[in-house]
Amino acid sequence: MPTHLFLFGGGPPFRPNLRTRFAALTNGGPVAILYVPRTGKDWTSYASIYTKPLEEDGISSFVHLPLSDAPTDEQLAQLQQCQGIIISGGETELYQQYLVATPIGDIIQSRFADGVPVAGFSAGALVSPERCVIPEIDQRDNRRLRLPGLALLKDAVVCVHYETWGEAAHLTQSFTEESTDRAFGLADESGIYLRDQYLVETEGTDPVVLSRSLVR
């Protein structure tokens with residue numbers, strides 16, 4: 001089965017064309033929205049930024065899955081049945097903790113391999129490659145972290161909020177240190193779609209793409 005990965009440099013909503021492409025791949029849903037709950041934030045109202053536009057593309061069923069160290073059997077079963085997966089934004093370290101080498105992460109990887117589209121926004125994009133590189137600005141102790149990722153994106157590193165955070169140096173450093181073939185710098189208004197690991201569509205602000213084949 002071909003794989004389908006959508007990465008966005010900022011938060012929702014989807015870019016319109018990529019949203020329609022994502023929705024078409026879900027066969028009508030259900031679509032899971034994975035998020036780390038934030039104190040004082042009403043997730044239900046925030047989630048409508050995802051759900052309302054997708055409803056326009058024919059998706060009527062959504063699963064809201066708050067991430068934690070102890071997902072329930074029901075949550076895992078629901079995720080297993082989903083035909084689309086969205087990984088939201090927030091504190092990247094927590095997403096990495098709850099998703100990488102965990103039961104939820106295992107299901108995401110399995111569903112992805114089965115052709116279920118996965119979309120990552122901000123932190124969700126950062127955790128998608130084999131290596132999740134978190135810049136100082138996105139880390140509570142102002143430390144740059146290099147952690148294992150979900151490995152949905154192979155041989156590449158990703159930076160988000162590329163322009164807002166001034167990530168040019170960070171992207172080049174990550175590209176060099178990890179010795180990947182590609183690096184993607186995604187602005188807040190930038191979205192990309194990769195089919196079977198190949199970049200086939202971009203929308204919004206053009207991403208910055210570094211490629212080893214161009215520097216050899």
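Using this note's numbering, the first residue of the sequence shown is number 1, and each one after it goes up by one.
Glycine residues also receive a C-beta, built at the ideal position from the N, C-alpha and C atoms.
Quick check on the burial criterion: 16 or more other C-beta atoms within 10 angstroms. Buried or exposed for residue i?
i: G166; result: exposed
i: S128; result: buried
i: P37; result: exposed
i: T92; result: buried
Can you tell me the Cα-Cα spacing of residue i and residue j, whole angstroms?
i: L199; j: K52; result: 27 angstroms
i: R15; j: S179; result: 30 angstroms
i: L5; j: R195; result: 7 angstroms
i: S48; j: L54; result: 9 angstroms
i: A101; j: E130; result: 12 angstroms
i: A77; j: G191; result: 29 angstroms
i: F62; j: G28; result: 10 angstroms
i: T217; j: L210; result: Because the chain spans 1 through 216 in this model, residue 217 falls outside it and cannot be assessed.
i: I85; j: L34; result: 8 angstroms
i: R216; j: T176; result: Any reading at R216 must be qualified, since the residue scores a pLDDT of 42, below 50, and its modelled position is unreliable; no value is offered.
i: Q75; j: G105; result: 12 angstroms
i: D138; j: Y46; result: 21 angstroms
i: T20; j: L186; result: 20 angstroms
i: F8; j: L171; result: 15 angstroms
i: C159; j: G58; result: 31 angstroms
i: L18; j: D155; result: 23 angstroms
i: R212; j: D181; result: 5 angstroms
Could you check what DSSP says for residue i in three-state terms: helix, strand or coil?
i: I104; result: helix
i: H64; result: strand
i: R216; result: Reliability of the predicted coordinates at R216 is poor, the pLDDT of 42 falling under 50, and the value obtained from them is presented with this limitation in mind. In this structure, R216 counts as coil in the three-state DSSP scheme.
i: R195; result: strand
i: E189; result: coil
i: E91; result: coil
i: F22; result: helix
i: I85; result: strand
i: F14; result: coil
i: I59; result: coil
i: S48; result: helix
i: P2; result: coil
i: A183; result: strand
i: A32; result: strand
i: T202; result: strand
From the options, pick the residue whose C-alpha is nearest to that of residue i; which is it?
i: A123; options: T176, V63, Q80 and D188; result: D188
i: P13; options: Q97, L65, T72 and I87; result: I87
i: P148; options: C132, V157, V160 and E136; result: C132
i: P71; options: L94, E56, I59 and P103; result: P103
i: A24; options: L65, P117 and T3; result: P117
i: A113; options: N142, Q96, L150 and R143; result: L150
i: L126; options: G115, D106, S110 and G90; result: G90
i: V31; options: R140, C82 and E163; result: C82
i: A168; options: V208, P2, Q96 and D141; result: V208
May I ask you to check if the CB of residue i is nearer than 7 angstroms to at least one heavy atom of the ligand NAP?
i: N17; result: In the structure shown, the ligand NAP is absent, as is every other ligand, since no ligand is present at all.
Give a yes or no on whether the minimum CB-CB distance between residue i and chain D is below 8 angstroms.
i: Y50; result: Judged by its chain identifiers, the structure shown contains no chain D, having just a single protein chain.
* **Any alpha helix (DSSP H) of 4 or more consecutive residues that is wholly inside the stretch 94-172** => The alpha helix (DSSP H) runs lying completely inside the stretch 94-172 and spanning 4 residues or more are 103-113 and 123-126, given in chain order.
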